[in-house]
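Residue numbers (full-length UniProt numbering): 1 to 196.
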């Protein structure tokens, strides 16, 4: 039976600006990727981590959740490749995504997005925080898999291109906590982060 919601943690990036793999940086004694995973667990039937090859072994050692690398055809091509990989690895109606570098993310964000999804026919539900789209924290319908592969084949890697091609619902909900969307790009963004 097809899952309704699959949680997808996107941890396939190279963390160039951070200088080391930020998925493994710690906040409150847990790796960043675990905070993302925890935000998804209560609302999704299963979870999947899309991982960078350099940290595959470390991620697998820290969780029993399924961990895979990007689809070989699209390896290293960013979040769209990660989303395509999830869609081609596990069947679900909806793919609920979380980046690995938002340690303040919490379940409440996804509860609101799922509630919106249940009342719309859109293919993607994306929050807008302080006027900015947050495409890595969202819901994507399985019907987008072909569109994603077409974009990747055309060497179009920006998630914004998918949002333009899809029937996208932009959720500008004033009750979203902006802090939950804070992502860490450089060590100075997050001086208290520590690596194992």
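Yeah, the Cβ is synthetic: ideal placement off N, Cα and C, and Gly gets one too.
Computed from a prediction, not measured in an experiment: that's the story for all the values here.
- DSSP links residue 71 through a beta bridge to no other residue.
- Non-local beta-carbon contacts of residue 55 in its own chain, meaning distances under 8 Å to residues more than five positions away in sequence, involve 11, 21, 23, 24 in chain order.
- Distance from the CA atom of residue 77 to the CA atom of residue 121, rounded to whole angstroms, is 29 Å.
- Taking 7 Å as the cut-off, the Cβ atoms of residue 92 and residue 162 do not count as close.
- For residue 154, no beta strand (DSSP E) encloses it, and the DSSP letter there is neither H nor E.
- In the displayed model, residue 64 falls within coil according to three-state DSSP, outside both helix and strand.
- Taken atom to atom, the span from the alpha-carbon of residue 125 to that of residue 52 is near 26 Å.
- In the DSSP annotation of this structure, residue 179 is not part of any beta strand (DSSP E), being labelled neither H nor E.
- Between the C-alpha atoms of residue 4 and residue 142 there is a straight-line separation of about 10 Å.
- Classified as buried, residue 62 has 16 or more neighbouring CB atoms from the shown chains inside 10 Å of its CB.
- In the three-state scheme derived from DSSP, where H, G and I count as helix and E and B as strand, residue 30 is classed as strand.
- Membership of residue 4 in the beta strand (DSSP E) is indicated by the continuous run 3-11.
- In this structure, DSSP gives residue 164 a helical state, which the three-state scheme calls helix.
- Rounded to whole angstroms, the gap between the alpha carbons of residue 147 and residue 104 is 31 Å.
- In the DSSP assignment, residue 148 forms no beta bridge with any residue.
- By the C-beta criterion, the stretch 126-133 is judged not to be in contact with the stretch 68-83, since fewer than 3 inter-stretch pairs fall below 8 Å.
- Leaving aside the five residues that flank residue 85 on each side, the residues in its chain whose CB is nearer than 6 Å to its CB run, in chain order, 50, 70, 71.
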